[in-house]
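Residue numbers (my numbering): 41 to 757.
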């Protein structure tokens, strides 16, 4: 019998296996380290052959650091360039083939847009001295640089420092074209970076002649004209091919500030500017002193255009509306009858300029925008800035600025649609919504207040509490959009206090719903489009969208009963109109960057914004101060000689006599200035006008007198 123990094979202990593995790892690591040291030593010995010392080493170090910084800079430049190159997407070369002649509401021609009824004149066919005048004044090294003229920039900086003011610009013609084609006139660092990249991009994609051609065809030349061909016809009544040297110098001087040097507005300033252009021709070596002498002695004269001033910001906005409408008809050369009222337009421009001149430095504010809409939906005036020649950026229709408390009526209107009333009581106390704890303007709380009191006093916590505990932000956003707000509104909780950006046009459109009885969809700037033969291709009354109710009568009446009290006893007492009841709401954003007043009567709705293009804060300017004063000055004029209509939901169009008395005192201080600045004689009040109309009607309705038939009856007379 075999011994079982003899057949068993001894098992290797596990510890031996682990020891073997450990030994293999150690030896492998040692071998790898040894090999690495050998490799490093050999590379060190090899690299010593290239080691330099002294001045050579300094050069190598500089080049090395330069390559490192260059790589990092290239990454940064690429990141900055991408947004600029996005502007070139699409067929940017194609010029709009629309040619639109605009008429005001009374049929008077007020301007043109599109091709401006002029074909482009090739650069080769323009007078040689015209091209030289432009180059000598705008970009002397145009044919020598690649989009950015660093030498010209340095020269301009030196001249500006020497003169202690801005006397020369450093932008090349290519940079100016990039701005005209793709960008706007906002003075921001981002815009300047984009402009530089786009200038280089244009130089790579266009020839110098093409760049110059586009620049001469696209630049704004004042008087509502775009392009040097249209300007030649407008100012001198001739083709650009027939321009003389004095006329060419005058046109070349317009590129810097077309509104300031427009010869039909200020001929002495235009001639002085033309004289500077002639000096530039000599200094730049383009012409001799003798060649320009005759032009100095015999300056250009212009065609008499009267005191015509185009409502350019309105025309830019209306042009987009015309293109949208006319695109369907296929007719691109049209006459557009618009809704603009030139008297109200001038009054709006004057109200902004007057108050900014008087109080701009005090409040540290430089810009303003206004939109006026009649309560039938017709846009009567648009002020997109103080000077269209200096900046064509339309702050009324394109600038998105925080609305502040002027957004609150949308919140309260939503609450009224959800069953609340002006007498509903809400707590004005501390509230937190997540990590957000809004405070009131005065950092105090009033306890339980009615919604009417909360809106009149512009309390912050109440609309936040309404949104958080009763409404949410979704229905507020939906109602604002239904009322005509086209700007993208955020659904974030802070939106109830007006943190979303809105345009002045949006504000005027939204508030007009309160003035039209709760109906939206009525805003329009074009009433008719006609061909040059008189065929009507669009009529707003026939083809325009129909109004739709977006606010119930109950909610409308509740809101208007509150809003009419804000100019009377609330935050907008400076906006109160003499003997006319109005309604509205003020708005002021954080750090006083934006100030609003949006108000309405039974006749008009107007939105006013004041602020700075660079978003810098003003000096404690609120919506109840300067914006309310602009609104009051404008609307006082707009309501002269018209029948005053009551505000929907408000029975009587006249205010408390005490309020009217205070407003009349304020208006009396400005009345003479208004009449003098607008060039109009004093205008009768609405009450006097209505009385005279009633007297006239009584005379018309009276029975006619019988003619006397004999001497005796004549003697009785």
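Glycine included, every Cβ here is placed at the ideal spot set by N, Cα and C. The model shown is predicted, which means the values in this text are computed figures rather than measured ones.
Do residue j and residue i count as a contact pair if the criterion is CB distance below 8 Å?
{"i": "residue 399", "j": "residue 353", "result": "no"}
{"i": "residue 488", "j": "residue 472", "result": "no"}
{"i": "residue 272", "j": "residue 294", "result": "no"}
{"i": "residue 361", "j": "residue 566", "result": "yes"}
{"i": "residue 625", "j": "residue 448", "result": "yes"}
{"i": "residue 357", "j": "residue 265", "result": "no"}
{"i": "residue 312", "j": "residue 262", "result": "no"}
{"i": "residue 476", "j": "residue 539", "result": "no"}
{"i": "residue 363", "j": "residue 138", "result": "yes"}
{"i": "residue 402", "j": "residue 426", "result": "no"}
{"i": "residue 212", "j": "residue 183", "result": "no"}
{"i": "residue 690", "j": "residue 604", "result": "yes"}
Identify, in the order they occur along the chain, each residue of the same chain with its Cβ nearer than 8 Å to the Cβ of residue i, setting aside the five sequence neighbours on each side.
{"i": "residue 679", "result": "617, 620, 641, 643, 644 and 726"}
{"i": "residue 297", "result": "429 and 430"}
{"i": "residue 521", "result": "529"}
Can you give me the Cβ contacts of residue i inside the same chain, cut-off strictly under 6 Å, excluding the 5 residues immediately before and after it?
{"i": "residue 252", "result": "163"}
{"i": "residue 142", "result": "150, 151, 355, 376 and 378"}
{"i": "residue 23", "result": "Residue 23 falls outside the range modelled here, since the chain spans only 41 to 757, and no answer is possible."}
{"i": "residue 56", "result": "none"}
{"i": "residue 655", "result": "633"}
{"i": "residue 555", "result": "415, 640 and 645"}
{"i": "residue 806", "result": "Coverage of the chain is limited to positions 41 through 757, which leaves residue 806 absent and any answer about it impossible."}
{"i": "residue 503", "result": "448, 451 and 536"}
{"i": "residue 395", "result": "666, 669 and 670"}
{"i": "residue 648", "result": "410, 637, 667, 670 and 671"}
{"i": "residue 58", "result": "none"}
{"i": "residue 550", "result": "523, 524 and 525"}
Taking all protein chains shown into account, decide if residue i is buried (16 or more other Cβ within 10 angstroms of its Cβ) or exposed.
{"i": "residue 207", "result": "Its pLDDT being 48, under 50, residue 207 is placed unreliably in this model, and the coordinates cannot settle the point."}
{"i": "residue 442", "result": "buried"}
{"i": "residue 636", "result": "buried"}
{"i": "residue 547", "result": "buried"}
{"i": "residue 216", "result": "buried"}
{"i": "residue 514", "result": "exposed"}
{"i": "residue 282", "result": "exposed"}
{"i": "residue 760", "result": "Past the boundaries of the shown model lies residue 760; the chain is included only from 41 to 757, so the question cannot be answered."}
{"i": "residue 267", "result": "buried"}
{"i": "residue 329", "result": "exposed"}
{"i": "residue 676", "result": "buried"}
{"i": "residue 564", "result": "buried"}
{"i": "residue 434", "result": "buried"}
{"i": "residue 241", "result": "buried"}
{"i": "residue 110", "result": "exposed"}
{"i": "residue 308", "result": "exposed"}
{"i": "residue 169", "result": "buried"}
{"i": "residue 682", "result": "exposed"}
{"i": "residue 518", "result": "exposed"}
{"i": "residue 507", "result": "buried"}
Check the DSSP bridge columns for residue i and list the partner residues they point to.
{"i": "residue 357", "result": "Residue 357 is not bridged to any residue."}
{"i": "residue 485", "result": "DSSP output for residue 485 lists no bridge partner at all."}
{"i": "residue 423", "result": "410"}
{"i": "residue 377", "result": "143 and 568"}
{"i": "residue 646", "result": "412 and 639"}
{"i": "residue 465", "result": "490"}
{"i": "residue 213", "result": "None; residue 213 has no bridge partner."}
{"i": "residue 397", "result": "Answer is none; residue 397 lacks a bridge partner."}
{"i": "residue 628", "result": "635"}
In its own chain, which residues sit with a C-beta less than 7 Å from the C-beta of residue i, not counting the 5 before and 5 after it?
{"i": "residue 384", "result": "412, 420, 421 and 678"}
{"i": "residue 20", "result": "Residue 20 lies beyond the residue range present for the chain, which begins at 41 and ends at 757; the question has no answer from this structure."}
{"i": "residue 558", "result": "589, 590, 591, 592, 593 and 596"}
{"i": "residue 5", "result": "Outside the displayed range of the chain (41 to 757) lies residue 5, so it cannot be described from this structure."}
{"i": "residue 235", "result": "215, 218, 219 and 223"}
{"i": "residue 140", "result": "152, 153, 154, 359, 362, 374 and 376"}
{"i": "residue 576", "result": "568 and 570"}
{"i": "residue 365", "result": "566, 569 and 578"}
Check whether the Cβ of residue i sits closer than 7 Å to any heavy atom of the ligand COA, and report yes or no.
{"i": "residue 617", "result": "Of the ligands one can find in the structure shown there are none, so the ligand COA has no counterpart to examine."}
query = Would you say the region 516-525 touches the region 542-552, given that touching needs at least three Cβ pairs under 8 Å?
reply = With a cut-off of 8 Å, the region 542-552 and the region 516-525 count as touching, because enough Cβ pairs lie within range.
query = Are three or more beta carbon pairs between the region 662-680 and the region 558-574 nearer than 8 Å?
reply = The way I'd put it, the region 662-680 doesn't touch the region 558-574; fewer than three beta-carbon pairs between them come closer than 8 Å.
ask   = Just checking, does the region 442-458 make contact with the region 596-610 on the three C-beta pairs under 8 Å criterion?
value = Short answer: they touch.
query = At a cut of 8 Å, does the region 282-291 reach the region 331-341 through at least three beta carbon pairs?
reply = The region 282-291 is in contact with the region 331-341.
task = Would you check if there are 3 or more beta carbon pairs closer than 8 Å linking the region 168-177 to the region 307-323?
result = These segments touch.
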